[in-house]
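Under this note's numbering, think of the first position of the sequence shown as 1086, with each following residue one higher. Don't be surprised by glycine CBs; every beta carbon is placed ideally from N, CA and C. Bear in mind that the values here come from a model prediction, so they are computed numbers and not experimental data. Notes for the one structure printed next.
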Amino acid sequence: MESSQQHMVAFLRMVHARAGGTGAILNLIRASEVRGGADIIALTDLVSDPQLKMDLAKHAMDEARHSYLLLRRMTQLGFAAYRLPPELDRLESLFERSRARDVKQVYTDRGSIDDAELMEIMMVAYIPENDAAVKLQANYEALSDDPDSQAVITSILRDEERHIEYLGSWLKRFEQRISPRAVAAVRERLQEAFKQIDVVYYGALHEYFERAAA
């Protein structure tokens, strides 16, 4: 019996084989990099812990580099990048369902955030990062005939694994600062929200790929 990962790789191979398929996949990845990077760079000025500032700044730099690598490869493939419709922007949808305020607005208002809100924001980043790592690995396997795109995916995946590690370590600190129960409750609530967002996301993919192939 094939695993869910094998099914994902088989599905992605079919998508990449279609006209515009690889560009469309890279555009999906790029959307999260752009949105995440914009929030994270603003967040660096809203936290006081020196190590967290450095971690966030490095994360934001990674996201900007990923966006560039993806855009460059999409351009090489002849695919014009464009902003995703709301139903395909899972990071934005998850942030809207969280209890955290818009980071960029807090920055503009010269506001501040407490540990509870910061923990919420970091969980919003942590859950999609874990999901992205699985899908990036599947895309790498599906792109066996496209080493140039594979190289882009490899570079991004290496960074995403580091992001997961540092975000996870900070969430453990919040278990001590706030409580394990509070962190677990936020994780459960946002994971459930992410599952609901996924239903809408996968429902919109067919039309998205049809547009890419047109």
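Under 8 Å by Cβ, that's how I've got residue i and residue j pegged, so tell me the actual separation to the nearest angstrom.
i: E1214; j: Y1286; result: So it is not a contact: roughly 16 Å between Cβ atoms.
i: V1094; j: E1226; result: 5 Å
i: F1164; j: G1253; result: 33 Å between Cβ atoms; not a contact.
i: V1268; j: F1279; result: Wrong, their Cβ atoms sit about 16 Å apart, outside the cutoff.
i: R1103; j: A1298; result: 5 Å
Ordered along the chain, which non-local residues of its own chain (more than five positions away) have a Cβ less than 7 Å from that of residue i?
i: A1142; result: T1129
i: T1239; result: Y1225
i: A1223; result: Q1090, M1093, V1094, L1097
i: A1166; result: N1112, R1115, L1156, M1159
i: L1275; result: L1179, S1183, M1208, V1209, I1212
Could you name the residues of the same chain whose beta carbon sits closer than 6 Å to that of residue i, not counting the 5 residues immediately before and after it, in chain order?
i: R1175; result: I1282, Y1286
i: A1149; result: G1122
i: Y1211; result: L1252
i: Q1190; result: none
Counting C-beta neighbours from all protein chains within 10 Å, is the total for residue i 16 or more, i.e. buried, or is it exposed?
i: H1151; result: buried
i: Y1251; result: buried
i: T1107; result: buried
i: A1145; result: buried
i: V1119; result: buried
i: A1109; result: buried
Less than 8 Å separating the beta-carbons of residue i and residue j?
i: D1244; j: R1158; result: no
i: L1179; j: V1209; result: yes
i: I1263; j: D1194; result: no
i: S1088; j: A1217; result: no
i: R1182; j: E1205; result: no
i: V1284; j: L1154; result: no
i: Q1235; j: L1242; result: no
i: V1188; j: D1147; result: no
Please list, in chain order, all residues of the same chain as residue i whose beta carbon is under 8 Å from its beta carbon, the five residues on each side excluded.
i: V1132; result: K1138, L1141, I1198, L1203
i: A1289; result: P1170, E1172, L1173
i: M1086; result: Here M1086 scores only 44 on pLDDT, less than 50, and its place in the model should not be relied on; the value that follows carries that caveat. So no residue of the chain qualifies.
i: D1231; result: H1101, T1107
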